[in-house]
Amino acid sequence: MRLKVGLLGGGSWGTTVASVVSRNAPITLWARDVETVASINTDGENRKYLPGIKLPAALRATNDMAEVVAGADVLVMGVPSHSFRGVLEEARNHLRPWVPVISLTKGLELASGKRMTELIEEVLPGHPVGVLTGPNLAREIMTGQAAASVLSMEDEIVVRALQPVFHSGLFRVYTNTDLLGCELGGVLKNIIAIAVGMGDGLGAGDNTRAGLMTRGLAEITRLGVAMGGRPETFAGLTGMGDLIATCTSPLSRNRHVGVELGKGRHIDEIIAGMNMVAEGVKSAPTVMALADRYGLAMPIARDVFDVTQGKRDAQDVFRGLLRSSVGDEAHPG
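All residue numbers for the sequence shown refer to the numbering used here, where the first residue is 18 and numbers rise by one.
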């Protein structure tokens, strides 16, 4: 018997995952936006978030959350971090017991500092939780380019049972039981991508980019390990892999924000001109609170926080970066 999948969220990544899963299992996508649902069902296209990309005929969308959630054997959450809790609370009324809930969202809740899987555990206790994360740019996957991702859950038996639901052809899905590490890698790399984008916007070279990415990965790993993640996770697809894709791709929303900040634009103006969420901007205050809680130095993340909060501009940050003291690479102060 094939598992029935329900996916909540009609953005570019939710639509992409739904398209991939539709090759393996019956899936229905829920979106609040009436036009998105109509364009998926009528034209086989998500015109708002993936214009020009043909969607599989097997993918169906609806505005009726109860219809999607009540029949689901697996529930996938593809909504931004700021609406994640609200959508979970809505879904709770319709979800059967023990149905696994998988998050696609690479962010933290602003008010509580919680990861999305922690929100799932809080709102839907008793449901196995997981994340699908990695270096995955939606448009590339939809145009048939090869990609690797990671399905992470703490229970090895459950994660292996769900792996075939997401693994499909050129979309290769590995498993990992370090849920915290995998989830944090996806959150933290967005902040480093903003820093790299700022450098690109200011005309910095490849050496600068390589330096920022490498030191940024060290910051990510320090915080992730302090919180309980495994060091090797951050050297894998959900850490270094995701960091490379997000810091270098012109399709990356967080890098785009950084580039525009580097050109001197204000953060509010940049965000107003985007129809998709750049999670790094939302996560920065929470990540700095975590760094303070664990007593960790995260200078690159701190600079991004300052610029996205309007406290300093990108040019000032980069001048400071060049003047900052350097120590032992392996044992930063």
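Don't be surprised by glycine CBs; every beta carbon is placed ideally from N, CA and C. Keep in mind it's a predicted model, so treat the numbers as computed, not measured.
Practice task
May I ask you to list the residues that DSSP assigns as paired with F183?
Solution key: Looking at the DSSP assignment, F183 forms no beta bridge with any residue, so it has no partner.
Problem - In DSSP terms, what Y66 is bridged to - result: In DSSP, Y66 forms no bridge with anything.
Problem - M159 versus G344 - alpha carbon distance - result: 44 Å
Exercise for the section: Compare the beta carbon distance of A164 and L187 with 8 Å and say whether it is the shorter of the two. Expected result: yes
Handout entry: R189 - containing beta strand (DSSP E), residue span
Key = 188-193
Practice task
Name the one or two DSSP bridge partners that V93 has.
Solution key: L24, I119
Problem - Selection from G279, H184, A227, T122 that minimises the alpha carbon distance to G202 - result: T122
Exercise for the section: Evaluate the contact criterion for the region 126-146 versus the region 104-113: three or more CB pairs, one atom per stretch, below 8 Å. Expected result: yes
Practice task
Could you name the residues of the same chain whose beta carbon sits closer than 8 Å to that of A75, not counting the 5 residues immediately before and after it, in chain order?
Solution key: S39, R40, P43, I44
Practice task
My understanding is that E296 touches I287, with C-beta atoms under 8 Å, so please give their C-beta distance in whole angstroms.
Solution key: Actually they are not in contact, since the Cβ atoms of E296 and I287 sit about 14 Å apart, beyond 8 Å.
Practice task
Tell whether a beta-carbon distance below 8 Å holds between T53 and G27.
Solution key: yes
Practice task
Name the two residues that bound the continuous beta strand (DSSP E) containing A165.
Solution key: 164-169
Practice task
Identify whether A128 lies in helix, strand or coil by the three-state DSSP scheme.
Solution key: coil
Handout entry: Cβ contact check for the region 52-69 and the region 262-274: 3 or more pairs under 8 Å
Key = no
Problem - Proximal residues to S36 (C-beta, below 7 Å), its chain only, five neighbours per side dropped - result: L72, P73, L76, M159
Exercise for the section: Count the other C-beta atoms from every protein chain shown that fall within 10 angstroms of the C-beta of A128, then say buried if there are 16 or more, exposed otherwise. Expected result: exposed
Exercise for the section: Note the first and the last residue of the continuous beta strand (DSSP E) segment covering N77. Expected result: Before going further, note that residue 77 is Arg rather than Asn in the sequence given. Looking at the DSSP string, the run of the beta strand (DSSP E) that includes R77 is 77-79.
Practice task
Determine the contact status of V274 and V298, defining contact as a CB-CB distance below 8 Å.
Solution key: yes
Problem - Euclidean distance between Cα positions of G245 and I211 - result: 25 Å
Practice task
Compare the C-alpha of R49 against each of M170, T134, T33, G103 and name the closest.
Solution key: G103
Practice task
Between the Cα of V324 and those of D309, I119, G281, spot the shortest distance and give me the residue it belongs to.
Solution key: G281
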